[in-house]
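In what follows, a structure is listed as structure tokens, so that the remarks can point back to it.
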Amino acid sequence: MIEIKLPEEVEYIIKTLEENGFEAFAVGGCVRDSLLGKKPHDWDVTTSAKPEDMKKIFRRTVDTGIEHGTVTILHGNASIETTTYRIDGIYEDNRHPRNVEFTSDLTEDLKRRDFTINAMAYNPSTGIVDRFGGLGDLETGIIRCVGDPFERFNEDALRIFRAIRFSAQLSFGIDEETKKAISFMAPNLANISAERICAELLKTITSDSPGKMRLAYELGVTKIVLPEFDEMMQTEQNTKHHWYSVGEHTIKTMENIPADRILRLTMLLHDIGKPQCKRTDENGVDHFKTHAVSSEKIAVKIMRRLKLDNDTIKKVRMLIRFHDWHYIPDETNVRRLVHDLGDDLMEDFFLVQKADLAGQSDYMKAEKQERLDNSERIYGIIKERGDCTSLKTLALTGEDILSLGIKRGPEVGRILEAALDDVIENPDHNNKDYLKHFAIVQESEGRS
Numbered sequence: 331m332i333e334i335k336l337p338e339e340v341e342y343i344i345k346t347l348e349e350n351g352f353e354a355f356a357v358g359g360c361v362r363d364s365l366l367g368k369k370p371h372d373w374d375v376t377t378s379a380k381p382e383d384m385k386k387i388f389r390r391t392v393d394t395g396i397e398h399g400t401v402t403i404l405h406g407n408a409s410i411e412t413t414t415y416r417i418d419g420i421y422e423d424n425r426h427p428r429n430v431e432f433t434s435d436l437t438e439d440l441k442r443r444d445f446t447i448n449a450m451a452y453n454p455s456t457g458i459v460d461r462f463g464g465l466g467d468l469e470t471g472i473i474r475c476v477g478d479p480f481e482r483f484n485e486d487a488l489r490i491f492r493a494i495r496f497s498a499q500l501s502f503g504i505d506e507e508t509k510k511a512i513s514f515m516a517p518n519l520a521n522i523s524a525e526r527i528c529a530e531l532l533k534t535i536t537s538d539s540p541g542k543m544r545l546a547y548e549l550g551v552t553k554i555v556l557p558e559f560d561e562m563m564q565t566e567q568n569t570k571h572h573w574y575s576v577g578e579h580t581i582k583t584m585e586n587i588p589a590d591r592i593l594r595l596t597m598l599l600h601d602i603g604k605p606q607c608k609r610t611d612e613n614g615v616d617h618f619k620t621h622a623v624s625s626e627k628i629a630v631k632i633m634r635r636l637k638l639d640n641d642t643i644k645k646v647r648m649l650i651r652f653h654d655w656h657y658i659p660d661e662t663n664v665r666r667l668v669h670d671l672g673d674d675l676m677e678d679f680f681l682v683q684k685a686d687l688a689g690q691s692d693y694m695k696a697e698k699q700e701r702l703d704n705s706e707r708i709y710g711i712i713k714e715r716g717d718c719t720s721l722k723t724l725a726l727t728g729e730d731i732l733s734l735g736i737k738r739g740p741e742v743g744r745i746l747e748a749a750l751d752d753v754i755e756n757p758d759h760n761n762k763d764y765l766k767h768f769a770i771v772q773e774s775e776g777r778s
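In this note's numbering, the protein residues as written are 331 to 778.
Structure, rendered in structure tokens:
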């Protein structure tokens, strides 16, 4: 019999429910992950006990979703969601059942779940309960719906994207019948909230297999949730600098950068403006001038549409804005980059540039790599030396300017920016005496 090591609090809840005459099992993703040798993020318990039974048996409970049979049982420092076996009623909005019916049959509870690998249960006395072939699908690496995939996706359209996400996270294939249902039912994703779509998208692109976005495109998922990605997949790049379409290049860059949400989002969206910017010259060569500007604008619209937080939007838009930076890597230019981009994003910037280069052709690759290496080397020198690149480290403050008799107002800000610009060009100018004199000259020139 397969054994799973249960956390103490889960084992306690199962044992206590059994001692009171009820069935209880760990269920769903925690069983799947345990069988895969992964540490589960959460543990869920399913039981024949009704909510009122659980509240009588356990001293500390929270009514998490009691109308759907879910009670959170508190034990020690842990909180475990425990849900009564149930049968879902009719789904009215491609997401939520109108009502649920409690049942004493574990199989009835398992059959309402999305995929076979998520429809297994376990307790120490019974072992694995696998009524729908989840163990076999885990072994062969297949995502398969429980029962009729059309019914499962009609009940909850988010499962369509979840299939892609699990395929990416587990590096599994998708069963052919499940694929057919995804392609047919994908338009129902339009009924799902932006927040839910965003969560699945982020989990997909930050997985070990972000290339599964290609599968999302092929099955018609991105056509509904991210149509701009379809445009990239359909935009060829006839230029010496590229081997791939814009979309395939995008996938390559995601595969060549750490699985961080800011970095993967940046690579997903860094060329999103290229389809609109594409121009083909008389020789049949494609050009994408100003694509970084266009990509930033479109990316911001997409991120707002997906309800992403402002901090994420700010960081991603800045990295997209500068992803194509290719100035001569001298100290002044690198200091200006640090000023414009922000020191906190510089390490990410270099990762973005390396990933972008990895997704290009071999044309001038050595020269591009040398320029990138020099930029990173110069940044290291600037950082170690502590060169001033922002008003925070400028040796002149607004109060210093006011102490010179210059009136408070916009002129103070203009002088500070001019002083910073001078110091970025000449880092040895960052001393108070020099900058006070500089401020007096600036104020005088401003009056003349």
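A virtual CB, placed ideally from N, CA and C, is assigned to each residue, including glycine.
As the structure is a prediction and not an experimental result, all values here were calculated from the model.
- In this structure, Ile504 lies near Ile473, with their beta-carbon atoms less than 9 Å apart.
- Per the DSSP secondary-structure output, Ser409 pairs in a beta bridge with Leu404.
- Judged by beta-carbon spacing, Glu775 lies beyond the 9 Å limit of Leu734, meaning their Cβ atoms are not closer than that value.
- Every alpha helix (DSSP H) stretch that sits fully inside the stretch 614–695 and reaches 4 residues is listed by chain position as 621–635, 640–651, 661–671, 676–688.
- Glu548 and Ser455 have their C-alpha atoms spaced approximately 44 Å apart.
- DSSP places Phe491 in the uninterrupted alpha helix (DSSP H) bounded by 488–500.
- Annotation for Gly728: the continuous alpha helix (DSSP H) segment containing it runs 728–732.
- When beta bridges are read from the DSSP output, Val392 appears opposite Thr402.
- Counting other Cβ atoms within 10 Å of its Cβ, Pro659 reaches 16 or more and is therefore classed as buried.
- The beta-carbon distance between His600 and His653, rounded to whole angstroms, is 5 Å. This is short enough to meet the 8 Å contact definition.
- Under the 10 Å beta carbon count, Pro517 is surrounded by fewer than 16 other beta carbons and is classified as exposed.
- The C-beta of Thr723 has fewer than 16 other C-beta atoms within 10 Å across all chains shown, which makes the residue exposed.
- Judged by their CB atoms, Thr583 and Met562 are not nearer to each other than the 9 Å cut-off.
- Unbroken alpha helix (DSSP H) stretches of 4 residues or longer found wholly inside the stretch 700–752: 728–732, given in chain order.
- Straight-line spacing of the CA atoms in Phe680 and Val664 works out to 12 Å.
- Burial state of Asp439 is buried, judged by a 10 Å Cβ sphere holding 16 or more other Cβ atoms.
- Boundaries around Gly457 are those of the beta strand (DSSP E), 457–460, since no alpha helix (DSSP H) includes it.
- In this structure, the beta-carbon distance from Gly603 to His617 does not fall below 9 Å.
- Put simply, of Thr569, Ile632, Asp751 the residue whose alpha carbon is nearest the alpha carbon of Asp611 is Thr569.
- Annotation for Glu349: no beta strand (DSSP E) segment contains it, though the alpha helix (DSSP H) segment containing it runs 338–349.
- Distances from the CA of Met384 to each of Ser539, Val361, Ile343 were compared; the closest alpha carbon is that of Ile343.
- Collapsing the DSSP output to three states places Glu566 in coil.
- Rounded to whole angstroms, the separation of the alpha carbons of Arg744 and Ile736 is 12 Å.
- Taking each of Ala769, Leu732, Phe462 in turn and checking the Cα distance to Ala749, the smallest one comes out for Ala769.
- Residues Thr414, Phe432 of the same chain have their beta carbon placed closer than 7 Å to that of Lys380, with the five preceding and five following residues left out of the count.
- Assignment of beta-bridge partners to Met450 by DSSP yields Asp460.
- Here DSSP, grouped into helix, strand and coil, assigns Thr414 to strand.
- Bounds of the alpha helix (DSSP H) holding Ala524 are 524–535.
- When only Cα atoms are considered, Gln690 and His571 end up about 6 Å apart.
- Rounded to the nearest angstrom, the gap between the Cα atoms of Phe496 and Arg362 is 11 Å.
- Around the C-beta of Met694, fewer than 16 other C-beta atoms lie within 10 Å, and the residue is accordingly described as exposed.
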